[in-house]
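Start counting at 1 in the sequence shown, then tack on 1242, and there's your number in this note's numbering.
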Amino acid sequence: MAYILRNPQGNITGTSSENLGNGWELIDNNAKEYLDFLENSLAEGSPFRESDIQLARVLEDLISILIDRGMLRFTDFPPAAQKRLNYRQSMRKKNRLSGIVDESHDFFTSLL
């Protein structure tokens, strides 16, 4: 089961796995209305999706900067996070996605 929040028109505007208080209602995970909302939320071009992608890039660049300046060590991250960071960095290099740092330096894998 999931919890949803509706606007005054009755449209779903948010979801949660927990009851977050006043206005949140329980809905079946297989309810068509709920599944439609999730599908539309993840659709290409969704403002939230685009914002999340941009924020992920900023955070990756920030991590690189902090590692480069010696303020953070790659090994400070749990192994699962290290794996994700390496994977994301290799994807960005492969697709030549530019960041705010010089990506010619292999920040993550050189610190293992």
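Even glycine gets a Cβ: it sits at the ideal position worked out from N, Cα and C. Just so you know, these numbers come straight off a predicted model, no measurement behind them.
(1) Determine the DSSP secondary structure at Ala-1273, reduced to helix, strand or coil.
(2) For Gln-1358, count neighbouring C-beta atoms within 10 Å of its own C-beta (all shown protein chains included) and say buried if the count is 16 or more, exposed if not.
(3) Quick one: Cα of Tyr-1291 to Cα of Leu-1304, how far?
(4) Should Gln-1331 go down as buried or exposed, given a rule of 16 or more other Cβ atoms within 10 Å for buried?
(5) Determine the burial state of Ser-1306: buried for a count of at least 16 other Cβ atoms within 10 Å of its Cβ, exposed for fewer.
(6) Based on the DSSP secondary-structure assignment, which residues constitute the bridge partners of Tyr-1245?
(7) According to DSSP, simplified to helix, strand and coil, what is Leu-1314?
Looking at the coordinates:
(1) coil
(2) The chain is shown only over 1243 to 1354; residue 1358 falls outside these bounds and no answer can be derived.
(3) Sequence inspection shows Arg at residue 1291; the Tyr mentioned does not correspond to that position. Those two C-alpha atoms are separated by around 20 Å.
(4) buried
(5) buried
(6) Ser-1258 and Leu-1268
(7) coil
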